[in-house]
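In our numbering, the protein residues as written are 1123 to 1367. Beneath this line is the structure, given in structure tokens, with notes to follow.
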Ligand code: F6R
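Encoded structure:
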């Protein structure tokens, strides 16, 4: 296992502050980096803190290019459930990130495989400076569900039942959740120069232990992180409860 920088925080306020400090230091040291940002509930306090700092004058906080991690398939651009709308609302619009600096999936593309190839080519031609990711209770990262290959590339996937259930919490019911998605592959994510995993809450404790304290296996996609260079994990006490330091 590579050296992993585990950062344990006491509460959600500290989670936001410590994650924002990490991001802010990263932007000070890297010129216009390419950054992956996740959707989900976990990063919301972090986004709020970044937007607050930006609005209070830390203008360098928008000096990055954004690369989408994943997206549902078949939604109109302005659909409230699309991940690009969600991240637009939470962080990219408040930071005034220019549309030319947003590499996003066209969820509604006629040929979704071609669309995945387009994004995969962009990823291959660029360096991912920082991948900020969250983790699903089944170990998914992005929409790389259990048994995804560690060398997988950008592609269309079917969401697992557990993931559909978890995503139903975002949109108020299972029927609202699209069943197909596109995602960067683990092979893409493994190429990131730096990775930051954000994790909070009791219900992530078990998968965090399996990710870092069990053998690396495609049954647990997040276990690829054990061999990831320059990995920082910022987690609250509940999430990190089962990790033995
Ligand atoms: C989001 C994503 C997912 C989430 C994961 C955790 O773009 O790719 O892997 O990071 O499902 O979601 P939350 O934070 O809602 O628990």
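C-beta: ideal position from N, C-alpha, C; glycine also. The structure presented is a predicted model; accordingly, all values stated were derived computationally and were not measured.
Endpoints, alpha helix (DSSP H) assigned at residue 1309: 1308-1312
Cα-Cα, which of 1158, 1234 and 1268 is closest to residue 1189? 1158
Is the beta carbon of residue 1166 closer than 7 Å to that of residue 1175? no
Please report the distance separating the alpha-carbon of residue 1358 from that of residue 1133. 6 Å
Whole runs of the alpha helix (DSSP H) within the region 1285-1366, excluding any shorter than 4 residues: 1308-1312, 1327-1335 and 1359-1362
Can you determine whether any heavy atom of ligand 1 sits closer than 6 Å to the C-beta of residue 1192, and answer yes or no? yes
Give me, in chain order, the residues of the same chain whose beta-carbon lies closer than 8 Å to that of residue 1315; leave out the 5 immediate sequence neighbours on both sides. 1249, 1250, 1251, 1252, 1351 and 1352
Shorter than 6 Å, the distance from the beta carbon of residue 1210 to the closest heavy atom of ligand 1, or not? no
Nearest CA to the CA of residue 1261: which residue from 1333, 1217, 1349 and 1279? 1333
Using beta-carbon positions only, say whether residue 1305 and residue 1338 come within less than 7 Å of one another. no
Unbroken alpha helix (DSSP H) run spanning residue 1211, endpoints: It is not in any alpha helix (DSSP H) - residue 1211 carries neither H nor E in the DSSP assignment.
In or out: residue 1271 buried (at least 16 other Cβ within 10 Å) or exposed? exposed
If you reduce the DSSP assignment to three classes, tell me which class residue 1148 lands in. helix
Cutoff 7 Å; reference residue 1320; Cβ partners in own chain excluding five residues on either side: 1141, 1164, 1165, 1168, 1254, 1256 and 1356
Use the C-beta contact count for residue 1211: other C-beta atoms within 10 angstroms, 16 or more gives buried, fewer gives exposed. exposed
Would you mind working out which of 1239, 1145, 1283 and 1170 sits nearest residue 1302, comparing C-alpha positions? 1283
List the endpoints of the continuous alpha helix (DSSP H) containing residue 1277. Run containing residue 1277: none in the alpha helix (DSSP H); it sits in the beta strand (DSSP E), 1277-1280.
Are residue 1296 and residue 1290 closer than 7 Å when you measure CB to CB? yes
Distance, residue 1229 Cα to residue 1354 Cα: 30 Å
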